Amino acid sequence: MTPARKKRLGLILLMVIGVAVGVGLALKSLDQNIMFFFTPSEVISGKAPRNKLFRMGGMVVEGSVNRPGDGLTVKFDLTDNEQHITVQYAGILPDLFREGQGIIANGKLNESGEFVAEEVLAKHDENYMPPELAGMQSKQENTQ
Amino acid sequence: MIPEIGQFALLIALSIAVIQALVPLAGASLGVQRWIALARPAALAQLLFVGLSYACLTWAFISHDFSVLYVAKNSNSALPLIYRISGVWGSHEGSLLLWALVLALWTGAVAVFTPNVPSAMRARVLAVLGLVSCGFLLFIIITSNPFERLFPAAAEGSDLNPLLQDIGLAIHPPMLYLGYVGFSVAFAFSIAALISGQVDSAWARWSRPWTNIAWLFLTLGIALGSWWAYYELGWGGWWFWDPVENASFMPWLVGIALMHSLAITEKRGTFKAWTALLAIFAFALSLLGTFLVRSGVLTSVHAFASDPGRGIFILGFLVLVVGGSLTLYAWRAPLLKSAAQTSLLSRDGALLLNNVFLTVATSAILLGTLYPIAIDAMGGKISVGPPYFNLMFVTLTAPLGVLMGIGMLIRWKSDSLGRLGSKLKIPALIVLVLALLLSLALPQWIWGAYLGIAMALWIAVTAGIAIYERFHNRALLSTLRSTPAGFYGMLLGHLGIGVFIIGVTLTSLYNQEKDLRMAPGDTYSVAGYEFTFHGVRDFNVDNYVATRGGFTVRSESGDFKVDLFPEKRTYPVQTMPMTEAAIDAGLARDLFIALGEPLDKEGAWAVRIYYKPFIRWIWLGAIIMAIGGLFGASDRRYRRLARSTSVDTEAAERAA
């Protein structure tokens with residue numbers, strides 16, 4: 002091999018190693034950081050993981066929002082029009098959090114089957130519908 | 003009448019764009035001077051008509067013409083003038099028109115400010131830009147006409163999204179677009195070079211200032227968006243790895259890679275094919291960003307168009323542009339063979355490594371951004387959280403910090419380990435010790451903080467050495483005069499990164515946040531500051547109602563006191579609540595208060611209090627980087643005429 006070829010081979014090897022390390026790292030951390038999305042019905046039927054964060058989306062049930070105790074903790078029910086699950090969250094709710102509104106929460110299930118949210122997301126648009134819930138809505142319209 | 007003029011102007015602009023795309027291209031390959039000469043006037047005429055169309059839409063906003071559907075949807079008679087002007091790009095149709103206008107502006111600038119580029123080359127560049135413009139104008143005319151009439155006219159408009167009624171966000175899109183779209187110039191130069199088969203590296207020199215300027219606007223645009231998210235969304239965060247943020251961040255990263263690889267290609271005539279490919283990638287990622295934002299495949303504040311037809315159009319355009327460019331590349335790239343030999347241990351090698359890390363980091367972000375979309379297409383629903391991006395990005399860019407310091411001091415072509423080692427040994431030791439002392443002064447020891455501070459110091463110290471090497475033993479004045487502006491641009495760009503690293507490290511590791519319930523009279527202590535809540539009052543302002551909370555913040559030592567007034571606003575037309583945080587900003591720390599919601603009848607509120615050390619350094623770093631970009635672009639040698647090329651290269655080599 003000529004020195005020039007050697008050098009080129011070195012360069013290519015370097016790049017291959019870089020890319021391989023990058024891809025390996027990416028796949029590993031992707032695997033650990035993916036959050037799956039479930040509807041309340043799926044959660045109740047036991048599809049959601051235990052002891053792992055996941056996302057749950059649905060409509061906030063009218064009249065279900067309450068604050069047990071005098072602190073920040075808030076509880077509300079989330080429904081996909083079939084089943085509902087109680088969500089508890091200690092923190093400040095987003096501006097557009099309202100009863101009847103579609104929201105998404107990240108969190109885990111606790112022992113008593115309640116969803117403990119670490120984060121509650123509602124989007125900044127009055128007519129916003131999370132795409133994950135759009136299917137749900139049209140199902141509802143069909144039945145009406 | 004005026005909206006019709008606007009629409010008509012758009013049609014004329016499209017026909018001019020078609021001419022601008024085809025005639026000069028044919029002229030340049032057939033050698034017909036007259037056809038080549040058409041490029042410049044066509045580009046300027048296109049700018050004129052797109053500008054006219056844009057002015058018409060702005061006029062419709064200013065004059066409250068609610069018979070235009072787009073105006074009726076995005077304006078209101080109570081909307082202040084400034085937001086009526088910025089409201090033009092407040093939603094899908096108008097922001098695309100802004101895209102087209104920015105492209106026309108860049109095209110016009112290329113037509114005027116390239117006296118040193120041969121006319122055939124300029125004609126090809128303008129033709130490529132014309133092709134891009136055809137795509138976007140067609141897109142606007144076919145799927146997203148901003149001048150569509152509403153009959154009967156609405157009596158009142160349904161108001162601009164309150165989130166957009168803010169000065170930071172009003173100028174965020176134009177800045178971002180100037181950056182995004184600006185990469186089309188480097189793309190056009192690269193494509194033109196591939197078409198012409200021109201094998202020297204002159205095109206790299208021509209595209210450098212344009213790439214710098216596009217990148218600096220993108221930097222400012224992203225920084226503005228981040229700053230806005232920080233004070234407006236009320237979450238106190240400055241980066242969320244939201245897919246739309248990623249969409250602007252990926253071209254930014256590839257833009258950095260491109261600026262560096264253009265430097266090698268210009269100075270050493272090597273890596274030509276790679277540089278051409280990067281220019282294609284940078285623009286392709288800008289288009290991908292446009293697709294992600296505009297097609298509605300994303301769940302995001304930015305995704306306001308959810309019309310599948312639009313998504314398919316942009317996707318088709320993206321495939322056409324990227325596919326076409328890559329085919330051309332595969333066919334022509336062998337022509338761009340590099341003659342010079344390079345050693346890995348050289349500035350060339352360091353820049354190459356920089357490119358490897360940046361492209362891999364970009365790919366990791368691309369993977370995390372597109373993966374959920376791909377899974378969604380297959381019927382699954384997942385999301386990729388910030389931990390993935392943080393881990394990947396920090397791991398892949400940390401080596402760049404070390405490399406940056408070496409890169410400023412290493413020689414072109416080839417260097418020796420011995421020389422570098424003896425030069426860097428002492429500075430490295432100083433950095434490690436100094437960083438140790440600084441981190442010990444922090445409230446608690448965190449390894450990440452030590453590494454972040456060491457990295458920032460390393461960049462600063464090596465930049466200092468680079469200055470010393472240039473100036474010592476030389477006459478100050480003549481060295482000042484002979485030092486190219488690009489040198490200062492490089493220093494500032496790197497120092498900006500250092501400042502940014504300090505900001506990110508200290509904010510992420512030492513910020514304190516507290517969500518709590520506060521009744522009037524309550525006092526709560528965070529990070530040595532006492533926050534006292536006095537209750538809320540309601541105020542009526544222009545087009546919204548504000549509930550304003552009163553807070554007094556005192557430092558525990560008693561020498562600092564400030565009153566802060568966070569607000570909760572309601573915009574009656576869209577009945578949308580908005581959080582307006584109150585911030586006491588400082589170079590060393592921000593104090594941040596946001597109101598949550600009322601908790602009970604006694605006037606208690608959910609309150610969010612943040613203590614954010616050094617967060618301003620994040621945006622300060624971005625501003626310094628942008629100034630660096632400006633210095634780089636203003637280098638004298640880009641403005642000289644083509645014939646002095648050889649002399650110039652020698653001068654540059656000596657300077658380096």
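These protein sequence lines map, in sequence, to chains E and C. Just so you know, we're using the working numbering here: the first sequence kicks off at 2 and counts up by one. Just so you know, we're using the working numbering here: the second sequence kicks off at 3 and counts up by one. Note that CB positions come from ideal geometry on N, CA and C, so glycine has one too. On a predicted model such as this, the values are computed, not experimentally measured, just so you know.
Any chain E beta carbon closer than 8 Å to residue i
| i | result |
| --- | --- |
| residue 558 of chain C | no |
| residue 270 of chain C | no |
| residue 1 of chain C | Absent from the model: residue 1 of chain C. The displayed extent of chain C is 3 to 658, so no value can be given. |
| residue 358 of chain C | yes |
| residue 524 of chain C | no |
| residue 519 of chain C | yes |
| residue 249 of chain C | no |
| residue 663 of chain C | Coverage of chain C is limited to positions 3 through 658, which leaves residue 663 of chain C absent and any answer about it impossible. |
| residue 623 of chain C | no |
| residue 387 of chain C | yes |
Coarse secondary structure for residue i, derived from DSSP in three states
| i | result |
| --- | --- |
| residue 593 of chain C | strand |
| residue 558 of chain C | coil |
| residue 641 of chain C | coil |
| residue 584 of chain C | strand |
| residue 607 of chain C | strand |
| residue 89 of chain E | strand |
| residue 514 of chain C | strand |
| residue 43 of chain E | helix |
| residue 78 of chain C | coil |
| residue 536 of chain C | strand |
| residue 74 of chain E | strand |
| residue 40 of chain C | coil |
| residue 3 of chain C | coil |
| residue 448 of chain C | coil |
| residue 64 of chain E | coil |
| residue 410 of chain C | helix |
| residue 119 of chain C | coil |
Buried versus exposed, by CB contacts within 10 Å (16 or more), residue i
| i | result |
| --- | --- |
| residue 424 of chain C | exposed |
| residue 33 of chain E | exposed |
| residue 329 of chain C | exposed |
| residue 37 of chain C | buried |
| residue 640 of chain C | buried |
| residue 5 of chain E | exposed |
| residue 540 of chain C | exposed |
| residue 333 of chain C | exposed |
| residue 72 of chain C | buried |
| residue 70 of chain E | exposed |
| residue 141 of chain C | buried |
| residue 258 of chain C | buried |
Cβ-based neighbour list, residue i, same chain, cut-off 6 Å, excluding 5 preceding and 5 following
| i | result |
| --- | --- |
| residue 14 of chain C | 51 |
| residue 454 of chain C | 503, 507 |
| residue 119 of chain E | 107, 108 |
| residue 306 of chain C | Note on residue 306 of chain C: pLDDT 45, under 50, position unreliable in the model; the coordinate value appears next. The answer, listed in chain order, is 93, 94. |
8 Å Cβ cutoff, residue i in contact with chain C
| i | result |
| --- | --- |
| residue 104 of chain E | no |
| residue 13 of chain E | no |
| residue 96 of chain E | yes |
| residue 138 of chain E | Legend: pLDDT at residue 138 of chain E = 45, less than 50; position of this residue unreliable, value from coordinates given subsequently. Output row for residue 138 of chain E: interface = no. |
| residue 108 of chain E | no |
| residue 49 of chain E | no |
| residue 20 of chain E | yes |
| residue 38 of chain E | yes |
| residue 79 of chain E | no |
| residue 31 of chain E | yes |
| residue 6 of chain E | no |
| residue 27 of chain E | yes |
Residues bridged to residue i (per DSSP)
| i | result |
| --- | --- |
| residue 273 of chain C | The partner list for residue 273 of chain C (beta bridge, DSSP) is empty, contrary to what the question assumes. |
| residue 563 of chain C | C:556 |
| residue 151 of chain C | C:70 |
| residue 531 of chain C | C:528, C:557 |
| residue 177 of chain C | In the DSSP output, where bridge partners are listed per residue, residue 177 of chain C has none listed. |
| residue 386 of chain C | E:35 |
| residue 541 of chain C | C:548 |
Same chain only: Cβ atoms within 7 Å of residue i, ignoring 5 sequence neighbours per side
| i | result |
| --- | --- |
| residue 127 of chain C | 112, 190, 191, 194 |
| residue 287 of chain C | 252, 253, 256 |
| residue 429 of chain C | 463, 464, 467 |
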